[in-house]
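Step one of this worksheet: look at the structure below.
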Amino acid sequence: MLITRRLAVNLIAAIALCAPALAQQNYPDRPITLIVPFAAGGPTDVVARIVGEHMSRTLGQQILIENVGGAGGSTGMTRAAQAAPDGYTIAVGNMGTQSAAPALYPNLKYDPAKSFDQIGVVNNTPMVIIAKKDNPAKDLKEFISYLKTNEAKISFGHAGVGSISHVVGTVFHAQVGLKPALVAYRGTGPALNDLVAGKIDFMIDQALNNIPQIQAGTIKSFAVTSPERVQSIKDVPTTKEAGMPEFTANAWNAMVAPKGLPPAIRDRLVEALGKALDDTTTKKRYDELGSTAPIGAERGPVALQKLVETEMARLTPILKAAGAVAQ
Amino acid sequence: MFDLLDKLALGFQTCLEVVWMIDPWFGLAIPVPLNLLLCFIGCLIGTLIGVLPGVGPIATIAILLPITYSLPPVGSLIMLAGIYYGAQYGGSTTAILVNIPGEATSVVTTLDGHQMARQGRAGAALAIAAIGSFIAGTIATLVIAAIGQPMTRVAQLFGPADYFALMVLGLMFAVILAQGSVPKAIAMIVLGILLSTVGSDLETGEERLTFGFSEISDGIDFAVIAMGLFGFAEILKNLESPEQRDVVKSQIGSLMPTRDDMRQSLAPIFRGTLVGSVLGILPGNGAVLGPFASYTLEKKLAADPSRFGKGAIEGVAGPESANNAGAQTAFIPLLTLGIPPNAVMALMLGAMTLKGIIPGPEVITKQPQLFWGMITSMWIGNAMLLIINLPLIGLWVRLLQVPYRLLFPAIVLFCCIGIYSINNNPLDVYLTALFAVFGYALMKFGFEPAPLLLGFVLGRLMEEKLRQALSISRGNFATFIQEPLSASLLAATVLLVLVAALPSIQRGREKVFVE
Amino acid sequence: MAIEGQDAAATGKPDNSRFNVEVAGGLFLIGLAIVGFIDTYSLKFGQMSGVGPGLMPRVTALIVGAFGMLLVAQGVRTPGQRLQGWSLRGLTFVVGAVILFGASIRPFGLAIAGPIAILLAALADPNTRLKEAVPFAIVLTIACIVLFKVVLRLPIPLAPFALGY
């Protein structure tokens with residue numbers, strides 16, 4: 001009697017010990033929540049949905065997108081950082097949340113380099129330097145000298161403090177040595193509207209928001225900030241070609257999980273993300289968005305960790321110097 | 001003209017397109033009018049979420065996006081559009097029956113619509129809202145089809161300065177909207193503006209009035225305030241006076257509007273459609289102004305303005321038409337320019353990009369099938385909504401006969417779920433509880449919540465536009481007078497103040513003479 | 001849970017009080033204005049080009065406060081309807097239900113948070129009978145699960161302790 005009881009206790013203890021291991025083997029056995037720290041329909045949300053849909057087929061489980069907006073994405077990323085590291089909560093952040101945020105929000109409750117187990121870069125989206133269509137400049141050099149001579153009446157539109165358009169704009173202004181009037185909008189939509197209408201002078205924004213306008217000639221574009229030209233707007237030179245090689249910027253999105261993810265689960269997620277990026281439909285969608293998938297060594301946790309660290313090191317001094325700090 | 005007919009024909013062809021599908025049981029090929037079916041499903045879901053308090057089109061469209069992965073692009077966009085304008089239809093139902101505005105655009109409907117319900121005329125109110133919306137939807141569809149492209153110029157005309165002036169004019173509407181004392185109404189509007197400043201500042205990122213909660217750094221959600229001030233506060237009021245709450249269920253009048261009702265409503269419907277169509281095109285959610293503007297207009301034109309707020313049918317017909325017309329014309333900037341004027345349209349843009357369509361100025365010429373298909377689907381959808389909604393009126397009205405002791409806990413739960421689903425954040429639920437207490441206090445002190453909500457909605461836009469205009473002009477306030485559009489809007493505001501003040505000045509003089 | 005001042009409300013007769021609705025409402029506005037003003041005091045009022053983040057909140061807080069004072073002045077001058085008492089029963093249970101829903105939805109899910117919210121809210125009404133309310137709470141929760149989880153697919157936790165989501 002005693003023995004059987006002890007046996008039973010041991011059995012239960014053994015099962016309890018094995019449970020996490022079993023859970024890892026069967027991962028995933030229930031739907032995975034993918035936190036997107038921005039509103040649905042935005043650039044990060046769209047790519048998260050594109051890869052999420054493919055990953056759910058590889059993993060054999062639904063991936064439920066949960067949009068948790070607020071504070072330039074830091075609300076959602078805070079929740080992701082604090083979630084259980086069981087692989088059932090993952091997140092897709094962007095350059096803003098994963099490298100600019102610590103400089104912008106002193107009270108940030110996570111550290112992009114330390115609070116997450118990185119899974120990998122999801123995509124790179126080039127930015128475009130765009131101006132209202134009646135700007136007289138013909139190329140980037142002329143445009144920059146135009147900006148400098150007319151500094152007193154130049155206005156720059158951005159989508160709010162902490163948004164990518166604001167962060168990259170701050171870098172641009174620091175490198176050119178320009179102090180335009182900063183006009184804040186709630187999102188890139190209204191800002192683009194005023195640019196098309198000619199109420200503001202210029203913006204720097206993700207290509208995917210502007211490609212149709214550039215194609216239709218309702219706005220002027222001077223350069224893309226990526227090392228390569230963008231397929232759908234082939235006539236627009238890169239910053240390097242246009243004579244400003246020091247200014248490059250990519251609006252990247254990256255998939256992360258809370259720190260402490262079991263390696264086996266991480267490998268499965270990395271593999272699933274890789275498969276999604278290799279998919280032809282994904283490639284087609286990315287092309288339409290003017291966006292590129294990371295290739296080779298740009299993929300995976302190590303590359304992402306390095307990207308987060310270098311971007312943080314690059315952006316923090318510029319943003320702090322510009323005084324763009326939220327309380 | 002024939003050109004337009006040709007294009008509309010293309011649109012109808014797209015909508016009625018038949019797809020052969022293999023049924024899973026017998027392997028038979030069945031013809032399915034897929035786009036028509038998707039339009040119907042969209043309208044049905046839209047009506048449902050419109051009726052449910054708190055659950056808005058943004059959350060629903062976001063959640064239904066995965067379903068559209070396997071659908072053809074035109075069909076899925078037709079469905080998502082149906083959800084959006086269907087929600088506008090459904091929203092008026094909740095506003096009329098239980099006095100909860102699901103969205104900013106149905107705040108005005110609560111004023112006279114719910115009063116009509118209390119007088120046993122819920123059926124007439126619901127029917128006129130549906131008929132008005134249908135007429136408005138039909139006209140707005142024609143407007144988009146005929147002059148959609150040139151109309152985008154209107155959106156481009158409005159710079160930040162002009163927009164600011166428009167918001168100032170809009171705030172004047174709120175004073176006229178109010179039923180009680182004018183100082184109290186103004187105090188509520190200003191308090192609404194104060195609430196709208198909660199959150200991190202757009203320009204500097206500094207936190208304002210957030211008291212350390214990063215979750216509200218993007219501002220308080222409209223639904224949180226609306227559910228608290230209207231939904232929960234209304235429940236508390238009804239619980240307090242049991243004899244009053246039974247009025248609604250004691251008598252049910254005719255389900256359909258009388259001839260008199262129709263006669264009274266026809267002109268307001270057309271005026272509302274016009275006002276709503278124009279305001280719907282404006283960037284930054286100008287559509288919310290439509291119902292308020294229409295209500296103001298009707299109250300000013302009415303022979304007896306004192307009827308308003310006590311169940312005037314014009315107060316339902318006009319704003320509801322304006323609301324639906326605006327919901328439709330809001331698609332113009334998206335479809336013709338690729339620039340979304342509000343959050344729902346931004347989401348639609350996301351849905352389009354997911355389907356591999358990048359909307360922009362060239363979408364009409366490059367994808368005429370998509371453009372005209374969507375436009376005609378809106379008209380078909382409006383007809384479907386009328387067919388869905390009219391028979392439902394009987395059901396809705398009967399819902400009021402559910403004993404209140406069961407009805408109100410159900411409303412509480414629906415509101416809680418709806419609010420939680422906005423951001424999937426419990427803090428929003430707590431905030432709503434706070435606003436319930438706040439709304440109850442306001443009621444006790446004799447304040448009305450409607451002007452506060454208008455102040456809240458317009459306040460944020462007003463501050464944004466004020467600061468954008470001043471940033472562009474480098475701090476020069478003269479910009480508001482130098483811009484012709486802004487100057488004339490401000491002049492109109494002054495005129496409106498004078499017109500509103502005149503009767504009281506005259507009355508004052510009469511008083512003097514009597515004394 | 002007595003409802004004070006209900007008689008006045010029911011009959012609608014203004015009882016002549018100096019501490020009336022107007023005065024109380026005015027004081028309420030003044031209180032809100034003070035909170036709004038103090039919290040945004042550290043923010044910049046204006047900048048070189050244009051206005052700062054502090055302008056709008058402080059100007060509106062001042063106007064709210066001014067109207068508060070106007071109401072107090074009006075109320076004191078002309079005695080009017082006395083302030084009605086607050087019905088604590090309704091407030092406690094309805095607001096309590098909402099707060100409890102917020103607190104329980106993430107840890108326990110809709111399956112638990114739903115019935116709790118309904119039952120607690122139902123207690124706000126003295127006419128509520130448990131025999132009726134309990135089955136109603138269960139049926140309504142099931143209906144909500146079907147509606148919100150199955151039809152609309154909202155990402156609301158259902159029963160995390162049993163299902164994991």
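Those protein sequences? They're chains B, L and Y, same order as listed. Start counting the first sequence at 1; every next residue gets the next number (this note's numbering). Start counting the second sequence at 1; every next residue gets the next number (this note's numbering). Start counting the third sequence at 1; every next residue gets the next number (this note's numbering). Idealized CB from N, CA, C, for every residue including glycine.
Residues sharing a beta bridge with residue i, DSSP
i, result
"residue 219 (chain B)", "B:132"
"residue 183 (chain B)", "B:157"
"residue 204 (chain B)", "B:129"
"residue 35 (chain B)", "B:66, B:91"
"residue 292 (chain B)", "B:124"
"residue 208 (chain L)", "L:199"
"residue 32 (chain L)", "L:19"
"residue 224 (chain B)", "B:128, B:238"
Residue i (DSSP reduced to helix, strand or coil)
i, result
"residue 3 (chain L)", "helix"
"residue 149 (chain B)", "helix"
"residue 21 (chain L)", "strand"
"residue 310 (chain B)", "helix"
"residue 63 (chain B)", "strand"
"residue 127 (chain Y)", "coil"
"residue 82 (chain Y)", "strand"
"residue 27 (chain L)", "coil"
"residue 229 (chain B)", "coil"
"residue 20 (chain Y)", "strand"
"residue 89 (chain Y)", "helix"
"residue 238 (chain B)", "strand"
"residue 55 (chain L)", "coil"
"residue 103 (chain L)", "coil"
"residue 420 (chain L)", "helix"
"residue 485 (chain L)", "helix"
"residue 209 (chain B)", "helix"
"residue 39 (chain Y)", "helix"
"residue 9 (chain Y)", "With a pLDDT of 42 at residue 9 (chain Y), under the threshold of 50, the modelled position of this residue cannot be trusted, and the question is left open."
Below-8 Å beta-carbon distance, residue i vs any chain C residue
i, result
"residue 423 (chain L)", "Going by chain labels, chain C is absent from the structure shown, which instead holds the protein chains B, L and Y."
N- and C-terminal bounds of the alpha helix (DSSP H) containing residue i
i, result
"residue 304 (chain L)", "Looking at the DSSP string, residue 304 (chain L) is not in any alpha helix (DSSP H), and its letter there is neither H nor E."
"residue 442 (chain L)", "426 to 444"
"residue 91 (chain L)", "73 to 98"
"residue 369 (chain L)", "368 to 399"
"residue 119 (chain L)", "Careful: residue 119 (chain L) lies outside any alpha helix (DSSP H) and carries neither H nor E."
"residue 154 (chain Y)", "Note, residue 154 (chain Y): premise wrong, no alpha helix (DSSP H); not H, not E."
"residue 104 (chain Y)", "96 to 108"
"residue 460 (chain L)", "449 to 472"
"residue 145 (chain Y)", "Counting along the chain, residue 145 (chain Y) falls outside any alpha helix (DSSP H), and DSSP gives it neither H nor E."
"residue 240 (chain L)", "233 to 240"
"residue 323 (chain L)", "314 to 329"
Residue span of the beta strand (DSSP E) that contains residue i, given as start and end
i, result
"residue 254 (chain B)", "250 to 258"
Distance between beta carbons of residue j and residue i, contact taken as under 8 Å
i, j, result
"residue 109 (chain L)", "residue 101 (chain L)", "7 Å"
"residue 119 (chain B)", "residue 229 (chain B)", "Actually they do not touch by this definition, with Cβ atoms about 29 Å apart."
"residue 167 (chain B)", "residue 96 (chain B)", "6 Å"
"residue 311 (chain L)", "residue 115 (chain L)", "4 Å"
"residue 330 (chain L)", "residue 287 (chain L)", "5 Å"
"residue 202 (chain B)", "residue 156 (chain B)", "6 Å"
"residue 414 (chain L)", "residue 52 (chain L)", "6 Å"
"residue 19 (chain Y)", "residue 119 (chain Y)", "At roughly 38 Å, the Cβ-Cβ gap does not stay under 8 Å, so residue 19 (chain Y) and residue 119 (chain Y) are not in contact."
"residue 87 (chain B)", "residue 257 (chain B)", "7 Å"
"residue 64 (chain Y)", "residue 32 (chain Y)", "6 Å"
"residue 31 (chain B)", "residue 62 (chain B)", "4 Å"
- [ ] Pick out the complete beta strand (DSSP E) segments inside the stretch 68 to 124 of chain B, 3 residues or longer, and give them in chain order.
- [x] Runs of the beta strand (DSSP E) inside the stretch 68 to 124 of chain B: 89 to 94.
Open item on the list: Threshold first: 4 residues or longer. Then list the alpha helix (DSSP H) segments lying entirely within the stretch 143 to 172 of chain L, N to C.
Closed with: none
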